[in-house]
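A.B. asks: Protein sequence lines correspond, in order, to chains A and B.
Counting in our numbering, the final residue of the first sequence is number 121, and the numbers go up one at a time with none missing.
Counting in our numbering, the final residue of the second sequence is number 121, and the numbers go up one at a time with none missing.
There are 2 protein chains.
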Amino acid sequence: MAVSQKHFRKRDAILQYLRSTDVHPSAETVYESLKPQIPDLSLATVYRNLALFKKEGLVSSVSTVSGVERFDGNTKPHVHFVCSDCDAVLDLHDMPLPASLYQDAETCSGSKISDCHLFFTGTCRNCIK
Amino acid sequence: MAVSQKHFRKRDAILQYLRSTDVHPSAETVYESLKPQIPDLSLATVYRNLALFKKEGLVSSVSTVSGVERFDGNTKPHVHFVCSDCDAVLDLHDMPLPASLYQDAETCSGSKISDCHLFFTGTCRNCIK
DNA sequence: TCCTAAATGCGAATGATTATCATTTACATC
DNA sequence: GATGTAAATGATAATCATTCGCATTTAGGA
């Protein structure tokens, strides 16, 4: 009925949002961020699509912070920092993963490795003050 | 009243169990493993003490696997492997963390780092078959 | 316009974890 | 040994993130 956006898909909006931010949002945060633009968005849809994206490798699950899963639309492997005070999740772009890690892990474990997760916890710059 | 073990503390039993195993148990698993020896153990006690141990640095939280937190009584830093098929968590003892990582992360993030977590996901040897 | 499969909204169900509160225990003191 | 006090615990309710079930809507082709 609307002039345009008949083909608009909530799924696309969710993925787009994940790729546009570096806050590593939770499902709830994705929902709240998109709700103003998409008033009839349902939380279940966010969860469903996040699960789908994960399965398809379009987004990754950083880790769970204070019991809540956090997502990342940046699929390029990189290191994370998690602040245990404010639950912020930051990218440490300047810390590349040693290229050998992957292969080492496969050899060492005798398993088929699919993903590598490296993150640090501590107190972030803001919370130190 | 009992002959001995008047001073026996469930807390100690929980810590002892965590240090004796390498299965990286969940709270539920700790509970079920100790229940036969300690019939009046409560799940709440397990959760309470795990939280306490974590705060004191006596145990660490490996990661949450399929929505369940997994614990490790081995405080020496080491690498983990998580099987996405069977949810097993294994130690990769032969993969030491580069000593510089810690310091690098602190410099790179401008934060106070307290812990480092490195783990791989994939399909373990058993599940490959 | 009609049809079908996929996508979604809504709300209930699930399941892990935490909070509450009464009871018990450990241990120091008398 | 009796007593007082703070910590530890058991039992269960409450919480909260996540998933499920199902009816409805949408997209896109016939």
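We put the CB at the ideal spot given by N, CA and C, even for glycine.
Restricting to Cα atoms, I'd like to know which of B:40, B:90 and B:64 is closest to residue 11 (chain B).
C.D. replies: Nearest C-alpha to residue 11 (chain B): B:64.
A.B. asks: Can you name, in chain order, every residue of its own chain whose Cβ lies under 8 Å from the Cβ of residue 84 (chain B), other than the five neighbours on each side?
C.D. replies: 70, 71, 72, 73 and 112.
A.B. asks: Using the Cα positions of residue 52 (chain B) and residue 119 (chain A), report the straight-line distance between them to the nearest angstrom.
C.D. replies: Roughly 22 Å separates the two Cα atoms.
A.B. asks: Given this structure, state the Cα-to-Cα distance separating residue -5 (chain A) from residue 24 (chain A), to the nearest angstrom.
C.D. replies: In this prediction, residue -5 (chain A) has a pLDDT of 32, which is less than 50 and means its spatial position is unreliable; nothing more can be read from the coordinates.
A.B. asks: Can you list, in chain order, the residues of the stretch 101 to 117 of chain A whose Cβ is nearer than 8 Å to any Cβ on chain B?
C.D. replies: Hits within the stretch, in order: 101, 102, 103, 104, 105, 106, 107, 108, 109, 110, 111, 112, 113, 114, 115, 116 and 117.
A.B. asks: For residue 62 (chain B), does the three-state DSSP call read helix, strand or coil?
C.D. replies: Residue 62 (chain B): strand per DSSP, three-state reduction.
A.B. asks: Give me, in chain order, the residues of the same chain whose beta-carbon lies closer than 7 Å to that of residue 45 (chain A); leave out the 5 immediate sequence neighbours on both sides.
C.D. replies: Excluding positions up to five away in sequence, the list reads 7 and 51.
A.B. asks: So, is residue 110 (chain A) buried or exposed, given that buried needs 16 or more other C-beta atoms within 10 angstroms?
C.D. replies: With 16 or more other Cβ atoms within 10 Å, it is buried.
A.B. asks: Check each candidate in A:98, A:68, A:38 and A:87 and name the one with the smallest Cα separation from residue 94 (chain B).
C.D. replies: Minimum Cα distance to residue 94 (chain B) is reached at A:87.
A.B. asks: Taking only runs that begin and end inside the stretch 10 to 87 of chain B, name each unbroken alpha helix (DSSP H) of 4 or more residues, in chain order.
C.D. replies: Correct list: 19 to 26 and 35 to 48.
A.B. asks: Would the beta-carbon of residue 33 (chain A) fall within 8 Å of that of residue 26 (chain A)?
C.D. replies: In this structure, residue 26 (chain A) lies closer than 8 Å to residue 33 (chain A) by Cβ.
A.B. asks: So what's residue 110 (chain B) in DSSP terms, helix, strand or just coil?
C.D. replies: Strand.
A.B. asks: Could you tell me if residue 114 (chain A) is buried or exposed, where buried requires 16 or more neighbouring beta carbons within 10 angstroms of its beta carbon?
C.D. replies: It counts as buried.
A.B. asks: Leaving out five residues before and five after residue 38 (chain B) in sequence, what residues of the same chain have Cβ atoms less than 7 Å from its Cβ?
C.D. replies: Closer than 7 Å at Cβ, skipping near neighbours: 6, 19, 22 and 23.
A.B. asks: Are the C-beta atoms of residue 97 (chain B) and some chain A residue less than 8 Å apart?
C.D. replies: True, the Cβ-Cβ gap to chain A drops below 8 Å.
A.B. asks: Measure the Cβ-Cβ separation of residue 62 (chain B) and residue 17 (chain B) and say whether it is below 8 Å.
C.D. replies: Against a cut-off of 8 Å, the Cβ pair of residue 17 (chain B) and residue 62 (chain B) comes out as a contact.
A.B. asks: With DSSP as the reference, identify every bridge partner of residue 105 (chain B), one or two as the case may be.
C.D. replies: The partner list for residue 105 (chain B) (beta bridge, DSSP) reads A:114.
A.B. asks: If you measure from the beta carbon of residue 79 (chain B) to each beta carbon in chain A, is any gap under 8 Å?
C.D. replies: Chain A, which has no Cβ nearer than 8 Å to the Cβ of residue 79 (chain B), makes this no.
A.B. asks: Closer than 8 Å, CB to CB, is residue 73 (chain B) near chain A or not?
C.D. replies: Judged by the 8 Å Cβ criterion, residue 73 (chain B) is in contact with chain A.
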